[in-house]
Amino acid sequence: QVQLVESGGGLVQAGGSLRLSCAASGIILSINRAGWYRQAPGKQRELVASITRGGSTNYADSVKGRFAISRDSAKNTVYLQMSNLKPEDPAGYFCKSDGLYAYWGQGTQVTVSA
């Protein structure tokens with residue numbers, strides 16, 4: 404059974420930082436493209452950052468320079484380091500693995516206070 408479990412969300416002040424984790428079981432994250440997405444109430448889910456099998460990364464323009472995606476193959480975990488959080492960043496953040504099949508985690512909530 405494949406599971407992606409996100410953690411690390413919470414409440415942080417604007418300008419603060421959080422690190423999200425996505426721990427996988429049943430699949431090997433490093434052989435697929437992995438990504439972090441976010442969805443705010445009333446909005447579509449959007450790609451925030453992704454990392455390919457080869458380690459290439461891609462970011463939404465709105466988070467470039469502030470967020471960093473990384474992967475620890477030994478822990479089968481993908482991370483999203485978020486810095487300088489802004490009022491427009493609050494959302495549910497979801498991890499996704501894209502391979503032969505796509506798998507989603509259940510999400511973790513990020514809230515930013517002014």
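The working numbering puts the sequence shown at residues 404 to 517.
No residue lacks a Cβ here, since even glycine has one placed at the ideal position from N, Cα and C.
Please go through the same chain and pick out, in chain order, the residues whose beta-carbon is closer than 7 Å to the beta-carbon of residue i, but skip the five residues on each side of it.
i    : result
A494 : R441, Q442, A443, V513
Excluding the 5 residues flanking residue i on each side, which residues of the same chain have their C-beta closer than 8 Å to its C-beta?
i    : result
N435 : R456, S500, D501, G502
L432 : C425, R474, S476, N479, T480, V481, S500
A463 : E449, L450, V451, A452
Comparing C-alpha positions only, which one of the options sits nearest to residue i?
i    : options                : result
E491 : Q404, C425, S459, R469 : R469
G418 : I430, Y504, K489       : K489
Y504 : G429, Q416, L423       : G429
Pick helix, strand or coil for residue i, following the three-state DSSP scheme.
i    : result
Y506 : strand
With a CB to CB cut of under 6 Å and the five nearest residues on each side skipped, what residues in its chain are close to residue i?
i    : result
I454 : A437, T460, I472, R474
Let me confirm a value: residue i is counted as buried when at least 16 other C-beta atoms fall within 10 Å, else exposed. Which label applies?
i    : result
L414 : exposed
A517 : exposed
Give the list of continuous alpha helix (DSSP H) stretches no shorter than 4 residues that lie fully inside the region 429 to 500.
Listed in chain order, there is nothing to give.
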